[in-house]
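First comes the structure, then the notes that go with it.
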Amino acid sequence: MPTFKLDDREIPFEKGETIIQAAYRQGIEIPHYCWHPGLSIAANCRMCLVEIEPGPGQRAMMLDVLKWDAARNDYVVDRKPKLQPACQQMASEGMVVRSENSHFVKDARAHVQEFLLLNHPVDCPICDQAGECKLQDYYMSEQRTPKRMLDEPVHKPKGVVFGDTIVYDAERCIACTRCIRVCDELAGDHMLDLRERGNKNEIVTAPGRKLEGDYTLMTEHVCPVGALTSSHFRFKARVWTLTPVKSICPGCATGCNMFVDVDTREQRAYRNRPRDNEAVNKFWMCDDGMMSYQRETERRVLKASVRKDASREETTVEAAIERAAAGLKGVQKGWLAVLLCAQSSTEDNFVMVEFARQLGAPLYLTAKAPWKGDDILRNVDQNPNRAGAVAVANNAKVGSLKDLLHAVSAGQVQAVVGLGACADAEADTLAVLSRVSEVVLIAAHEGPLAAKASVLLPAASSFESNGSFMNVKGIAQEFRKALPPKGDAVPAWDLVAQLGRAMELDLKYRKFKEVRAALAVLTPAANPERAPVVEPTTPAITPTTPSTVTNP
Amino acid sequence: MPGKTKVLKKPSRTISDQSYVVEVMKGLGVTLKHFFQGTAQMVSGNVPDAVKNPLAEGIATISYPEQKRPYAERWRGVHRLTHRDDGSPRCVACLCCSTACPAQCIYIKPGEYPEGDARRGYERYPVEFVIDELRCIFCGFCVEACPCDAIRMDTGVHVTAFEVKSDFVYDKDKLMSIVSQHGTQNSENTRHEPGDAGHPGIDRLHGGH
Chain F
1 MPTFKLDDRE IPFEKGETII QAAYRQGIEI PHYCWHPGLS IAANCRMCLV EIEPGPGQRA
61 MMLDVLKWDA ARNDYVVDRK PKLQPACQQM ASEGMVVRSE NSHFVKDARA HVQEFLLLNH
121 PVDCPICDQA GECKLQDYYM SEQRTPKRML DEPVHKPKGV VFGDTIVYDA ERCIACTRCI
181 RVCDELAGDH MLDLRERGNK NEIVTAPGRK LEGDYTLMTE HVCPVGALTS SHFRFKARVW
241 TLTPVKSICP GCATGCNMFV DVDTREQRAY RNRPRDNEAV NKFWMCDDGM MSYQRETERR
301 VLKASVRKDA SREETTVEAA IERAAAGLKG VQKGWLAVLL CAQSSTEDNF VMVEFARQLG
361 APLYLTAKAP WKGDDILRNV DQNPNRAGAV AVANNAKVGS LKDLLHAVSA GQVQAVVGLG
421 ACADAEADTL AVLSRVSEVV LIAAHEGPLA AKASVLLPAA SSFESNGSFM NVKGIAQEFR
481 KALPPKGDAV PAWDLVAQLG RAMELDLKYR KFKEVRAALA VLTPAANPER APVVEPTTPA
541 ITPTTPSTVT NP
Chain P
1 MPGKTKVLKK PSRTISDQSY VVEVMKGLGV TLKHFFQGTA QMVSGNVPDA VKNPLAEGIA
61 TISYPEQKRP YAERWRGVHR LTHRDDGSPR CVACLCCSTA CPAQCIYIKP GEYPEGDARR
121 GYERYPVEFV IDELRCIFCG FCVEACPCDA IRMDTGVHVT AFEVKSDFVY DKDKLMSIVS
181 QHGTQNSENT RHEPGDAGHP GIDRLHGGH
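Heads up: the protein sequence lines correspond to chains F and P, in order. Using the working numbering, read the first sequence as starting at 1 and increasing by one per residue. Using the working numbering, read the second sequence as starting at 1 and increasing by one per residue.
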């Protein structure tokens, strides 16, 4: 691989790569605003200027400048090298680039930074970006001088509503055009543009349009300053109180990598952010995925309940498990069906398969009905773990929910033990389940199946437990527990194991580690530890606060 | 002054100092002198009787809590939220105070001004502002952290003793009703509102640019 020299380091690069890109892959950040690894090159912020030494036999490109001489109290003529934007300059073999080592570069950065802050309102205390703002970061690392302009700054529109999801503040904007490029290059819809020039420059929506579609929140995500704010997170929290937890989006079969930002004091999730993974979602997530932190906490099953005649009666988890075990013991071998769930983690399904194997029960799979996908990120399959649920069955036949309903109407099933309450069959066809004497459901969220359950056990959601999903490409990916389980909820694998033990089965799992270890032996393909996340070091997007919530 | 050092002579210790007895007697002497002087003055009627009339002028003993020493200007009492000229809180709900608070006793729920309000887009405001005065350790970090001079501890008041714990949890209305030592609800520092000349944030149409 060819290399070039950046300050004192040799940086390998591939042909066609720019200086900033090659440095970024080595984990070196050259200060920048407009450049983003996932977007085209704009080279308009001038923050990434570097000094490039002339090649052998070439003359350095020098500029005549006036320099202030404090001793003479006057300007003197001086020369300085012409600096080049590192985001646009292709790297070439043997090139010598000075970034931190060049005082010309340090000067240029300080001046660009001062220039960008000339008309900035500096309303950091009420700005949602404060704490993860590039203007703040680079002020501290590159500028650290007070403002010299005494004039009234230029005023521009504030609190402009771009659409249902985004609110824009033109005074904070540095016009780096990242948001415009996200609309153009990711969503493929030119909804945003620039108007005016110079310091009157502002982002506007296209005439007659508003910012809409499935990727609007990415405009806010790429904004290096506080100009674009998302209406769901606006004014809700300060980023320095949030702790990022590595997670996987439960929204669809793509399995986008994300951070869930939780406030550990309030034990509440405040937002999702895409986590870079070259192999899955690159740098992006769709709006539905970004909002999954709200859906995960809605319509939860929080208490165990047992059906009594027509109504449901809340009870403790232990009592409900006892009641379920008693009901299932009467069922003859071969008359029990086990329902896996494409919404539940691989570990939950794995223990469920083990449960079914010991009882010799046939396997069925329930899932959410397909939704409208696209060819960017959103998969047609709304279920994050269909592949994982099938994989843990280890080539055993897995029927669909419709197959189960057929079997029920044919009178071949007396009892059902199932994960999840979602259903990919029409609601009226579920009525046949009332013929089954015992339906034990372990679910985190309410769903069409929940009403049919004779015993309903509260499971922890994917935000409240460790686990893994296998996405549509067959990549097993791990998610970490971000929040403590709500109500009486317990991880679903634990409930299955408890139920199994109550039925005198050999299900010894008491710790998550034990489930994962057994999974690694029996279904190595579904073991997320085998598939390391392709995670480029990203100075632009990695969280500023270290992850402290890890509950292995 | 650098380079100049003054050498202090260590006082010598005599045998009477060393034995303590003489010094203790001297100290007791001072106490007894005041005891007899005070009694004589009281009997002669020059000073009011401290037992019968403890609040009268001329008595050295301060009868707390009826009498109090004046607190210093910077003494940290119970919090108050300062007002703007129109009576709304100066607070912009930036959460700097709750971030700085080591006791985590401040809870703020920020909100956006409604459509049409001059401050919409420029500022936020506290929908809820709650301080748990029982948790508070009166360190004053919240006052230091506030960029708007919106929270102050210049009231010169202790937290009143309540019988119910929930009474110690001061909400926004209560915090805004408390006045400073000088009886004001505002602060000395001036504040520009959106639309004022000099307020950073007149929009493009009105700003003359």
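C-beta atoms are modelled at their ideal positions from N, C-alpha and C, and glycine is treated no differently.
- Taking R76(P) as the centre and dropping the five residues before and after it, the same chain places the C-beta of F138, G140 and M153 closer than 7 Å to its C-beta, in chain order.
- Under the three-state reduction of DSSP, H192(P) is assigned to coil, being neither helix nor strand.
- The beta carbons of V331(F) and E438(F) sit closer together than 8 Å.
- DSSP places K200(F) in the helix class (H, G or I) of the three-state scheme.
- Assignment of beta strand (DSSP E) within the segment 66–124 of chain F, counting only whole runs of 3 or more residues, yields 74–81 and 96–98 in chain order.
- Contact annotation: in the segment 215–248 of chain F, residues whose CB is within less than 9 Å of a CB in chain P are R234, F235, K236, A237, R238, W240 and T241.
- What V143(P) touches in chain F, judged by beta-carbon distance under 9 Å, is nothing: the nearest beta carbon there is about 15 Å away.
- The three-state reading of DSSP puts Q477(F) in strand, counting E and B together.
- Boundaries of the beta strand (DSSP E) harbouring M470(F): G467 to M470, taken from the DSSP string.
- Boundaries of the alpha helix (DSSP H) harbouring F355(F): T346 to L359, taken from the DSSP string.
- Within the segment 90–106 of chain P, contact with chain F at the beta-carbon level (separation under 8 Å) is assigned to V92, A93, C94, L95, C96, T99 and Q104.
- In the pairwise beta carbon analysis, the segment 121–132 of chain F is classified as touching the segment 222–234 of chain F: at least three pairs are separated by under 8 Å.
- Under the 8 Å criterion on CB atoms, G159(F) is classed as interfacial with respect to chain P.
- The CB of P125(F) comes closer than 7 Å to the CB of V92, C94, C96 and P147 in chain P, given here in chain order.
- Among the residues facing chain F, R120(P) is included, as its CB has a counterpart in that chain under 8 Å away.
- The bridge partners DSSP lists for C341(F) are T366(F).
- Residue contact with chain P for R295(F): absent (no Cβ-Cβ distance below 8 Å to any residue of chain P).
- Around Q343(F), the same chain offers N383, G420 and C422 as residues with beta carbons nearer than 6 Å, after the five sequence neighbours per side are excluded.
- C-alpha of R178(F) to C-alpha of K210(F): approximately 17 Å in a straight line.
- Here the segment 77–86 of chain F lies against the segment 41–57 of chain F, with 3 or more beta-carbon pairs under 8 Å apart.
- Think of a sphere of 9 Å around the beta carbon of G111(P): the chain F residues whose beta carbon falls inside it are F235, in chain order.
- Take S98(P), set aside five residues on each side of it, and the residues of its chain with a beta-carbon closer than 6 Å to its own are I106 and I108, in chain order.
- When Cβ pairs closer than 8 Å are counted between the two stretches, the segment 367–381 of chain F is seen not to touch the segment 501–517 of chain F, the count staying below three.
- Taking 8 Å as the threshold, the shortest C-beta distance from E57(P) to chain F does not fall below it.
- Sequence-ordered contacts of the segment 257–277 of chain F with chain P read R265 [C-beta pairs closer than 9 Å].
- Per DSSP, Y139(F) lies in no alpha helix (DSSP H) and is assigned neither H nor E.
- By the CB criterion at 8 Å, F104(F) and E171(F) fall outside the cutoff.
- Taking S180(P) as reference, the option from A150(P), D117(P) and E57(P) with the minimal CA-CA separation is A150(P).
- Using a Cβ-Cβ distance cut-off of 8 Å, the segment 271–286 of chain F and the segment 359–377 of chain F are in contact, since at least three pairs of beta carbons, one from each stretch, lie closer than that value.
- By the neighbour-count criterion, in which a residue is buried when 16 or more other Cβ atoms sit within 10 angstroms of its Cβ, H221(F) is buried.
- Judged by DSSP secondary structure, M1(F) falls outside any beta strand (DSSP E); it is assigned neither H nor E.
- Scanning chain F for C-beta atoms nearer than 9 Å to the C-beta of E163(P) yields nothing, as the closest lies near 29 Å away.
- For S409(F), the enclosing alpha helix (DSSP H) covers residues L401 to S409.
- Judged by beta-carbon spacing, K246(F) lies within the 8 Å limit of F479(F), meaning their Cβ atoms are closer than that value.
- In the DSSP assignment, Y33(F) is bridged to no other residue.
- The shortest CA-to-CA distance from H32(F) to any of M47(F), T429(F) and E296(F) is the one to M47(F).
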